[in-house]
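Peer 1:
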Amino acid sequence: MGADGAETRLKILHSAREVFSTIGFDRASLRQIAEEAGFTRNAIANYYPSKIELYRAALASVHEVVISEILGPALCQTGSIDRRIVAVFDRAVATIRIDQTFVRFFVTSTADAIHHPDLRDQAMQPLVAVREHFAAALAAAQRDGEVDAGIDTEATTQVLVDLLWGLAVDAGFYSDQHRTRRTLEALERIVVALT
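Numbering (full-length UniProt numbering), first residue to last: 1 to 195.
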């Protein structure tokens, strides 16, 4: 696929995330996504023959961003456990600022998965990856004596995932940059207290 084909796919995926996050899987159509992208429905079908294939490609794009733009860079973070955990939140917010369609689609796709169990595993992949990242970081910190040996790492991991989920909902749909920055500062204090 040439550069034009790759750019077209990116534009289609961006529009798909936007439409799916606005009206959900059931109500969205390839025609609406084509209009949002500035293409014909047939042009979209050349890349994604069905709505479900396009939806799955949009899900894969979110998972790829979580791995490459959030968790990958967060793994490079050095310092205390709280700094390494906060790096995930920082990277998530930076990603949201670049393209909100990722977080909006991520949030709504988990809701769509309730009605479409066949999509659940793929829709939940980003959360599973984040959960595994937090769990591994906390286990290593506990093993190294950086956090109290009595800390319930499973419960703490879930709290961190829940905080990130809440940040995703708020930053994706409700907050402006100022409020998101203040929320992130408060989250840093919470993470320090948890660890």
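Every residue, glycine too, gets a C-beta built ideally from N, C-alpha and C.
#1: In angstroms with no decimal places, state the Cα-to-Cα distance between Arg84 and Ser15.
#2: Tell me the DSSP secondary structure of Ser29 in three-state form.
#3: Please state whether DSSP places Ile151 in a helix, a strand or coil.
#4: Please confirm if the segment 113-133 is in contact with the segment 55-73, defined as three or more CB-CB distances below 8 Å between the two stretches.
#5: Give every residue of the same chain whose Cβ lies closer than 6 Å to the Cβ of Ala92, excluding the five residues on either side of it in the sequence, and list them in chain order.
#6: I'd like to know if the segment 149-159 and the segment 174-182 are in contact, where contact means that at least 3 CB-CB pairs between them fall below 8 Å.
#7: Report yes if the CB atom of Ala87 is closer than 7 Å to the CB atom of Ala74, and no otherwise.
#8: The alpha helix (DSSP H) with Tyr174 in it runs from where to where?
#9: As a quick exercise: from Thr157, Pro126 and Val130, pick the residue whose alpha carbon is nearest that of Ala139.
#10: What does the alpha-carbon distance come out to for the pair Leu127 and Glu64?
#11: What are the boundary residues of the alpha helix (DSSP H) that includes Ser68?
#12: Across the segment 99-107 and the segment 10-26, are there enough close Cβ pairs to call them in contact, namely three or more that are closer than 8 Å?
#13: Does Ser61 come out as helix, strand or coil in the three-state DSSP assignment?
#14: Output the boundary residues of the alpha helix (DSSP H) element that contains Glu132.
#15: Using the rule of at least 16 other Cβ atoms within 10 Å of the residue's Cβ for burial, across every protein chain shown, is Leu187 buried or exposed?
Peer 2: In short, the structure shows the following:
#1: Within the sequence shown, residue 84 is the residue found at index 84, counting from 1. Within the sequence shown, residue 15 is the residue found at index 15, counting from 1. Near 33 Å, if we compare the C-alpha coordinates of Ser15 and Arg84.
#2: Within the sequence shown, numbered from 1, the residue matching residue 29 stands at position 29. Reduced to three states, the DSSP call for Ser29 is coil.
#3: As a working mapping, residue 151 is identified with position 151 in the sequence shown. Three-state DSSP puts Ile151 in coil, outside helix and strand.
#4: yes
#5: One-based indexing of the sequence shown puts residue 92 at position 92. Correct list, in chain order: Ile70.
#6: no
#7: Reading the sequence shown from its first residue, position 87 is the one you call residue 87. Reading the sequence shown from its first residue, position 74 is the one you call residue 74. In this structure, Ala74 lies closer than 7 Å to Ala87 by Cβ.
#8: For the purposes of this step, residue 174 is taken as the residue at position 174 of the sequence shown. Run containing Tyr174: none; DSSP gives neither H nor E here.
#9: Residue mapping note: residue 139 aligns to position 139 of the sequence shown, counting from 1. The option with the nearest alpha carbon to Ala139 is Thr157.
#10: Numbered from 1 along the sequence shown, position 127 holds the residue referred to as residue 127. Numbered from 1 along the sequence shown, position 64 holds the residue referred to as residue 64. Using only the alpha carbons, I get a separation of about 12 Å.
#11: For the purposes of this step, residue 68 is taken as residue 68 along the sequence shown, with counting starting at 1. Unbroken run through Ser68: none, as it is neither H nor E.
#12: yes
#13: To locate residue 61, count along the sequence shown from 1; it is residue 61. In this structure, Ser61 counts as helix in the three-state DSSP scheme.
#14: Looking up residue 132 in the sequence shown gives position 132. Start and end: Pro117 to Arg143.
#15: Walking along the sequence shown from the start, residue 187 turns up at place 187. So Leu187 counts as buried.
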